[in-house]
Each structure stands twice: as structure tokens, then as C-alpha cells.
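Enquirer: Would you mind keeping the following structure in view while I ask a few things?
In our numbering, the protein residues as written are 440 to 589.
Structural data, given as C-alpha cells:
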């Protein structure tokens with residue numbers, strides 16, 4: 440495969456070229472074998488098709504019907520998906536930390552109304568306690584001062 444993993448979908452012209460290459464006795468044995476193998480596959484790597492075409496052109500001494508752009512005309516490109524790369528340990532740790540921060544921010548936003556209400560209730564409760572203490576202080580003070588007078 441080429442570095443780009445570029446392949447061409449087989450067409451009738453590509454099949455005819457591969458058949459001619461497989462049958463050519465002047466062609467190098469490895470290229471003949473490749474041509475035969477590619478006849479059974481649905482796609483042909485660009486780099487190998489180019490090598491077979493150039494070698495076949497030299498062996499036959501003719502450029503008729505061996506122009507690469509004409510052979511490839513009408514064929515579709517087949518691009519292989521790149522392999523997934525493993526994430527490094529540091530990256531995975533960082534992603535986990537960031538996900539936790541996002542989750543915490545989302546939770547804080549979700550419960551913000553509830554915590555505001557709890558804080559308001561606490562402040563109301565504190566104010567109420569202060570009022571009760573003041574009332575009790577006044578009441579006790581008034582009771583103590585009225586009981587000491589004969």
C-alpha cells in the first residue's frame with residue numbers, strides 16, 4: 440500500500456490492463472503475480488497499478504492503451520480509514536479531570552436554585568431565632584423587674 444492508502448476501484452479498463460500484465464511473459468514475475476492477485480480483488484493500490492503500467496509499457500514498447508490516466512478514467516478512489524491512535528496516559532488523566540470539572544459545574548448549575556432556597560430558609564430561620572431570643576429576653580427582663588418590685 441502507498442503511504443496514503445490510496446486505491447482505485449477496478450473498472451473494465453483496469454481489469455484489461457491487469458489481464459494483459461498477467462499474460463505478458465516479458466514482465467517481471469513478481470509484477471505478473473501481483474497483476475493476477477489484483478484481478479481477484481475489488482480494488483487496486485495506486486502505487487502498484489502505476490508500477491505495473493510503467494513496466495508493461497517498457498516491455499511492450501507501446502504506449503497505446505497504456506496511458507495511466509486513460510486506464511484510471513471512471514474509476515473511484517478508495518481511501519482506507521487511518522488507524523486509531525492510542526491516547527497517552529497523561530492525556531487520559533487530563534480528560535478524566537476535565538470531565539469531572541464539567542460534571543461538577545453541571546451539578547452546581549442544576550442545584551443552584553435549591554441551594555439558594557436553602558440559604559434563604561436558613562437566613563429566615565436565623566432572623567426568626569433572633570426575634571424569639573429578643574422577645575424572650577424582653578419577656579424575662581420584664582418578669583424579673585416586675586417580680587422584684589414589692
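Glycine residues also receive a C-beta, built at the ideal position from the N, C-alpha and C atoms. Since the model is a prediction, treat every value here as computed from it, not as a measurement.
What residues match up with residue 448 in a beta bridge as DSSP calls it?
Expert: 482
Enquirer: Rounded to the nearest angstrom, what separates residue 538 and residue 525 at their Cα positions?
Expert: Looking at the two C-alpha atoms, the distance is approximately 19 Å.
Enquirer: What residues in its chain sit with their C-beta under 7 Å from that of residue 485, if we drop five residues either side in the sequence?
Expert: 441, 445, 446, 447
Enquirer: Relative to the alpha-carbon of residue 466, which residue among 492, 453, 454, 455 has its alpha-carbon at the smallest distance?
Expert: 492
Enquirer: Take the Cβ of residue 523 as the centre, count every other Cβ of all protein chains shown within 10 Å, and call the residue buried at 16 or more, exposed below.
Expert: exposed
Enquirer: Smallest Cα separation from residue 454: which of 518, 464, 511?
Expert: Nearest of 518, 464, 511 to residue 454, Cα basis: 511.
Enquirer: Using the C-alpha atoms, what's the distance from residue 468 back to residue 514?
Expert: 26 Å
Enquirer: Closer than 7 Å by C-beta to residue 498: which residues in its own chain qualify, once you throw out the five before and the five after it? Chain order, please.
Expert: So the list reads 463, 465, 466, once near-sequence residues are dropped.
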